[in-house]
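Chemist:
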Amino acid sequence: MTNSQFGVFGVDPWWLVILKVVAIFVILVLLTLFTIWWERRVVSRMQNRIGPNRVGPQGLLQSLMDGIKLALKEEIIPKTAHLAVYWIAPVISATMAFLAFAVIPFGPTVSIFGVETPLQLTDFPVSVLYVLAIASIGIYGIVLAGWSSGSTYPLLGGLRSSAQMISYEIAMGLSFVAVFLYAGSMSTSEIV
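All residue numbers for the sequence shown refer to this note's numbering, where the first residue is 4 and numbers rise by one.
1. Here's the rule: buried if 16 or more other CB atoms are within 10 angstroms of the residue's CB, otherwise exposed. What is residue 156?
2. Pop quiz: residue 172 and residue 139 are said to be a contact at Cβ under 8 angstroms. What is the actual Cβ separation, rounded to whole angstroms?
3. Looking at the strands, I want to know which residues DSSP matches up with residue 115.
4. Looking at C-beta atoms only, is the number of pairs between the segment 78-89 and the segment 134-153 that lie closer than 8 angstroms three or more?
5. Go through the segment 106-177 residue by residue and report every complete run of the alpha helix (DSSP H) that reaches 4 residues or more, in order.
6. The alpha helix (DSSP H) with residue 49 in it runs from where to where?
7. Run through DSSP, which three-state label would residue 77 get?
8. Could you check if residue 12 is buried or exposed, using at least 16 other CB atoms within 10 Å of its CB as the buried criterion?
9. Given a cut-off of 8 angstroms on the beta-carbon distance, is the pair residue 181 and residue 194 in contact?
10. Which of helix, strand or coil does DSSP assign to residue 55?
11. Just the Cα atoms here: how many angstroms apart are residue 154 and residue 83?
12. Evaluate contact between the segment 105-113 and the segment 121-128, counting only Cβ atoms and requiring at least three cross-stretch pairs below 8 angstroms.
13. Report buried or exposed for residue 95, applying the criterion of at least 16 other Cβ atoms within 10 angstroms of its Cβ.
14. Under the assumption that residue 127 contacts residue 190 (Cβ atoms under 8 angstroms), give the Cβ distance between them as a whole number of angstroms.
If you want it as structure tokens, here you go:
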């Protein structure tokens, strides 16, 4: 059973939706870990020095250990910080970064435990606009992080970073126009 507006999306059982969400989250976290490892290896070779090689085979677990170290470090909070905003700002940015991948197709329709489903969490007629909107909301986290410290210089840094990100989004949005015109759709699965 498929509805006409969303095609094969929106008919998956609840457990499959949760499985897809967890799979996307795990894939993105692992991609982050391996990208950091790869970057460290490349930069170390460019600088003619030893790269990550202590933790795990060929230093593969170095990024994971850095994440654990970061989570367990003593937190230094400025005295003038607004605590609620100080904690929620990075959550906003990280959540929006993960939510943008909800409409990205990872592959064709497959069978998972006997249920035919596309390797994409969801899709709708304006999926690319959704990605742009979610990315724009993530900028609020940057501004709020600068404001929450209660100091002038972090606020100016946050505003500068948000202005830079907005200027990048304008160019990115304009570059999508050619894709819309060529594909005749704003749905990510139809574009692919």
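Backbone N, C-alpha and C define an ideal beta-carbon position, used for all residues, glycine too.
Modeler: Judging by the given coordinates:
1. Residue 156 sits at position 153 when you count from the first residue of the sequence shown. Classification of residue 156: exposed, given that the 10 Å Cβ count is below 16.
2. By one-based count along the sequence shown, residue 172 stands at place 169. By one-based count along the sequence shown, residue 139 stands at place 136. That belief holds up - the Cβ atoms of residue 172 and residue 139 are roughly 6 angstroms apart, short of 8 angstroms.
3. Position 112 of the sequence shown, counted from the start, is the residue given in the question as residue 115. Per DSSP, the beta bridge partners of residue 115 are 118.
4. Inter-segment contact for the segment 78-89 and the segment 134-153 is present: three or more beta-carbon pairs are separated by less than 8 angstroms.
5. The segment 106-177 contains these whole alpha helix (DSSP H) runs: 130-151.
6. As a first step, residue 49 is located in the sequence shown; it is residue number 46 there, counting from the start. For residue 49, the enclosing alpha helix (DSSP H) begins and ends at 17-49.
7. Stepping through the sequence shown from its first residue, residue 77 is reached at position 74. In the structure shown, residue 77 falls within a coil segment according to DSSP collapsed to helix, strand and coil.
8. Along the sequence shown, one-based indexing puts residue 12 at 9. By the neighbour-count rule (16 or more Cβ atoms within 10 Å), residue 12 is buried.
9. Numbered from its first residue, the sequence shown carries residue 181 at position 178. Numbered from its first residue, the sequence shown carries residue 194 at position 191. With contacts defined as CB atoms closer than 8 angstroms, residue 181 and residue 194 fail to qualify as a contacting pair.
10. Taking the sequence shown and counting its residues from 1, the one referred to as residue 55 is at position 52. In the structure shown, residue 55 sits in coil (DSSP, three-state: anything other than H, G, I, E or B).
11. Position 151 of the sequence shown holds residue 154. Position 80 of the sequence shown holds residue 83. Whole-angstrom Cα-Cα distance: 7 angstroms.
12. By the criterion of at least three beta-carbon pairs nearer than 8 angstroms, the segment 105-113 is in contact with the segment 121-128.
13. In the sequence shown, counting from the first residue as 1, residue 95 sits at position 92. Buried.
14. The residue you call residue 127 lines up with position 124 of the sequence shown. The residue you call residue 190 lines up with position 187 of the sequence shown. Between residue 190 and residue 127 the Cβ distance is about 7 angstroms, and since that is below 8 angstroms, they are a contact.
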